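Asker:
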Amino acid sequence: MSIPDTTSIQGFTEHGFLANIDGEIVEVRYDDITSIRIETTNQGPFLPDCFWIVETERVTITLENDDPSFTMLLPKLQDLPGFNNKAVILAMGSVDHAGFLVWEKD
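Taking my numbering, the leading residue of the sequence shown gets 124, the next gets one more, and so forth.
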């Protein structure tokens with residue numbers, strides 16, 4: 124698994140966050156998110172090795188776990204009903220190529 128292209132968080136709105144997707148700033152609304160998963164690699168600690176994949180029907184966004192803005196986004200994602208914090212803990216301990224589904228819209 125190679126390191127995926129990542130998106131940067133540009134800011135937050137009342138209903139979501141702003142992401143730079145291919146040079147365009149797009150609002151990702153929390154109620155539009157369809158799934159959230161974490162993918163890990165065996166390339167750490169010298170290269171990024173933990174990525175959050177946030178999917179909507181329109182876009183898929185990949186965020187580095189170490190993105191400073193992600194620390195502000197995580198509590199909002201954890202507010203989604205049924206968010207699996209146990210899967211997050213397992214992912215943070217992974218040192219292999221692995222995927223962890225942490226939330227999926229019903």
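Cβ coordinates follow ideal geometry from the N, Cα and C atoms, glycine included. None of these values were measured; they are calculated from a predicted model.
Assuming contact is defined by CB atoms lying nearer than 8 angstroms, are T130 and L186 in contact in what I supplied?
Answerer: Going by C-beta atoms, T130 is nearer than 8 angstroms to L186.
Asker: Would you mind stating whether I176 and R160 have Cβ atoms separated by less than 8 angstroms?
Answerer: Cβ atoms of I176 and R160: closer than 8 angstroms.
Asker: Let me check understanding here. Comparing Cα to Cα, which of E227, Q166 and M195 lies closest to G205?
Answerer: Residue E227 is the option with its Cα nearest to G205.
Asker: Under 8 angstroms: do the segment 208-218 and the segment 157-171 share three or more Cβ pairs, one atom per stretch?
Answerer: At 8 angstroms Cβ cutoff, the stretches touch.
Asker: In the DSSP assignment, find the alpha helix (DSSP H) that holds N208 and state where it starts and stops.
Answerer: Segment N208 to M215, the alpha helix (DSSP H) holding N208.
Asker: Going along the chain, which unbroken runs of the beta strand (DSSP E) with 3 or more residues stay wholly within the segment 130-184?
Answerer: Correct list: 131-135, 139-144, 147-152, 156-163 and 173-179.
Asker: What are the partner residues of G222, as DSSP defines its beta bridges?
Answerer: E162.
Asker: Tell me whether L186 sits in a helix, a strand or coil according to DSSP, three-state version.
Answerer: Note: L186 maps to strand in three-state DSSP.
Asker: Quick check: I156 and Q133, are their CB atoms within less than 8 angstroms of each other?
Answerer: Cβ distance not < 8 angstroms, so I156 and Q133 don't count as in contact.
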